[in-house]
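Comments concern the structure below.
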Amino acid sequence: MSQTVHFTTRPEDRISISQKTAYAIGMLVNNTQAAALPAMMIILNLGLGVDVMLVGLIGFIPRIFDAVSDPMVGYISDNVRTRWGRRRPFIFVGALAAGLIFALMWQLPDGYSETFYFWVFMAASILFFLAYTIFATPFVAFGYEMTPDYHERTRLQAFANTVGQLAWLGVPWFYAIMANENLFRDKVHGARTLAIAVGIFIAVLGVVPAIFCREKFASFPKVRARKTFSQEMVDFFKGIAVTFKCKPFVKLCAATFLVFNGFQLGISFSLYIMIFYLFNGDDGNAGKLNGWFGMLTSLCTLGVIPLTAWISTKIGKRSTFLITISLSIVGYALKWFGYNPEHPYWLLFAAPLVAFGTGSLFTLMGSMIADVCDYDELKTKQRREGVFGAIYWWMVKVGMALAGLLTGILLKVSGFDETLGNAQSQETLLMLRVFDIGIPLATSLIAIFIIATYDITENRAHQIRLELESRRGKVGENSGELKQAAD
71 MSQTVHFTTR
81 PEDRISISQK
91 TAYAIGMLVN
101 NTQAAALPAM
111 MIILNLGLGV
121 DVMLVGLIGF
131 IPRIFDAVSD
141 PMVGYISDNV
151 RTRWGRRRPF
161 IFVGALAAGL
171 IFALMWQLPD
181 GYSETFYFWV
191 FMAASILFFL
201 AYTIFATPFV
211 AFGYEMTPDY
221 HERTRLQAFA
231 NTVGQLAWLG
241 VPWFYAIMAN
251 ENLFRDKVHG
261 ARTLAIAVGI
271 FIAVLGVVPA
281 IFCREKFASF
291 PKVRARKTFS
301 QEMVDFFKGI
311 AVTFKCKPFV
321 KLCAATFLVF
331 NGFQLGISFS
341 LYIMIFYLFN
351 GDDGNAGKLN
361 GWFGMLTSLC
371 TLGVIPLTAW
381 ISTKIGKRST
391 FLITISLSIV
401 GYALKWFGYN
411 PEHPYWLLFA
421 APLVAFGTGS
431 LFTLMGSMIA
441 DVCDYDELKT
451 KQRREGVFGA
461 IYWWMVKVGM
471 ALAGLLTGIL
481 LKVSGFDETL
491 GNAQSQETLL
501 MLRVFDIGIP
511 LATSLIAIFI
521 IATYDITENR
531 AHQIRLELES
541 RRGKVGENSG
551 ELKQAAD
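The structure is reproduced here in structure tokens:
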């Protein structure tokens, strides 16, 4: 086999544990916002009686606003200069606003029409996603620029995603908590109370990276003079077009879109399968199994994340992706045998392998996009982490929105009818299992073929860095120690 070239990390490129911890707390808040809303949306259907198609629209339409707000906030945070930096003011304000809105949006009164709940929650969702964007887009960009080192980027993403994974330990229990009759009058009451707790959590911990992290490119010079609003808009849309022409970035977006949103769409059916197929309409037992499956997947993910980082330093990020996503495909296939009404907890055997997909994806992608930002600077002479991060996460969120919309559509296609309760047809229950397993399996396979052609290797990334440092006048005799090791 050919040799793989490895470069050691310079001491000055290491990120201190305090900075990693502050950033990781922000990742926990970021993941909580991403996970909590979809986990609680089922209450609109099973608690307030809103039709599944309308719930799907609530999940989809606010993402249309993200199509503008995400890259716009990224563009602004790339180009703004304040005494507090480019990213930190947005993170601070976004965390407070998102926490407040999330707590309020679930305080829906009893006894109103389906139309009322639809429009009120739709408006609240749009406001929440705007606040979430103000926090998340600069926060993600912050992580891309904290170190220029190929491997330290992966270590940072691994550390942050390990802490962020704690959100996925708790969120699978949300339905069991909201449906607990010993704690709340009903599921709607449970959602109201839980939303307040989640909102406080987002607001209090979300400001931590804004207060304690320090920006590397806070004073990075602009390459153009002050322009009018219309000129800025022209530059903004030109920048978006240039970003989509960056082939390595487009491949990362496509792979993430397929892997993560295939996973999200699949698990949208899991709770329905547990309630109506495994437990014959028993909310309590279904909620417990859903909690155990989610928690076990998250616990395994905590192990997968550092393992992914370690493997990537040995064989590279691309090869690591191909291995870990292949293992997750095996996990999805095992779920078919795990959905057994006589032995419902067999489903847990699939969790460790499924975790390889969810655990490795954002650890590798966050690090790889940071490499792409260097590649882009070499081409454009601009630091555009905000735009890259915004478009990347916009693709993720659009996929999540499509997952929400398709969930409603595919539930209709399957013949699911909430008024039938546990009398759903066998054909409906079969279709739900096919959607749950087949969709993420197929999308992951396509993603593997896409990343197989990704070409920013460790050696290429190192050469790009040297060229950038030479351009900035920062390269010296100690430009990096080279160590070669055989595969």
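Residues in the sequence shown are numbered consecutively from 71, following the working numbering. Glycine included, each C-beta is placed from N, C-alpha and C at the ideal position. Note that the structure is predicted; figures quoted are calculated from it, not measured.
Quick one: residues in its chain with C-beta nearer than 6 Å to the C-beta of residue i, no 5 flanking neighbours on either side, listed in chain order?
i: K387; result: L434 and M438
i: D441; result: I526 and A531
i: A336; result: First, the amino acid is wrong: residue 336 is Gly here, not Ala. So the list reads D506, I509 and P510, once near-sequence residues are dropped.
i: K467; result: R133 and D136
i: G550; result: Here G550 scores only 41 on pLDDT, less than 50, and its place in the model is too uncertain to base an answer on.
i: A230; result: Y93, A94 and M97
i: Y220; result: E528 and A531
Quick one: what does DSSP say residue i is sitting in, helix, strand or coil?
i: F254; result: coil
i: E551; result: Annotation note: pLDDT 40 at E551 (below 50); position unreliable, no value reported.
i: F486; result: coil
i: F212; result: helix
i: F339; result: coil
i: F191; result: helix
i: F319; result: helix
i: F349; result: coil
i: M71; result: Residue confidence is low: M71 scores 36 on pLDDT, short of 50, so the model does not pin down where it sits. No coordinate-derived value is stated.
Return the chain-ordered list of same chain residues with a C-beta closer than 7 Å to the C-beta of residue i, the five sequence neighbours on each side being excluded.
i: I479; result: G126
i: V329; result: I395, G427, L431, T513, S514 and A517
i: I534; result: D444, Y445 and L448
i: L170; result: G269 and A273
i: K286; result: E215 and M216
i: T450; result: V312
Does any C-beta atom of chain B lie closer than 7 Å to the C-beta of residue i?
i: I509; result: Here there is only one protein chain, and chain B is not present.
Using a threshold of 7 Å, state whether the C-beta atoms of residue i and residue j are closer than that.
i: W463; j: V210; result: yes
i: D83; j: R454; result: no
i: L377; j: T232; result: no
i: G459; j: I375; result: no
i: S368; j: W176; result: no
i: E168; j: F205; result: Checking the sequence, you will find Ala at residue 168 rather than Glu. Result yes, Cβ atoms of A168 and F205 sit closer than 7 Å.
i: L275; j: V99; result: yes
i: E222; j: T79; result: yes
Within its chain, find whatever has a CB closer than 8 Å to the CB of residue i; leave out the 5 residues flanking it on each side and keep chain order.
i: G485; result: Q494, S495, E497, T498 and M501
i: G351; result: I345, G491 and N492
i: Y415; result: L359 and W362
Considering just the uninterrupted stretch of the alpha helix (DSSP H) at residue i, what are its terminal residues?
i: H221; result: Y220 to G234
i: I112; result: I112 to L116
i: K384; result: D353 to I385
i: H532; result: E528 to R542
i: M175; result: R158 to M175
i: A421; result: A421 to T450
i: E497; result: Q496 to I521
i: P411; result: Where P411 is concerned, there is no enclosing alpha helix (DSSP H), given that its DSSP letter is neither H nor E.
Measure the beta-carbon distance from residue i to residue j and round it to whole angstroms, keeping in mind my assumption that it falls under 8 Å.
i: L472; j: F244; result: In fact, because the Cβ distance is near 22 Å, the residues do not count as touching under 8 Å.
i: A324; j: I520; result: 5 Å
i: A356; j: L366; result: Contact doesn't hold; Cβ gap of about 16 Å is too wide.
i: K257; j: I113; result: 5 Å
i: T224; j: S338; result: Not confirmed; about 30 Å, so no contact.
i: L475; j: V122; result: 10 Å between Cβ atoms; not a contact.
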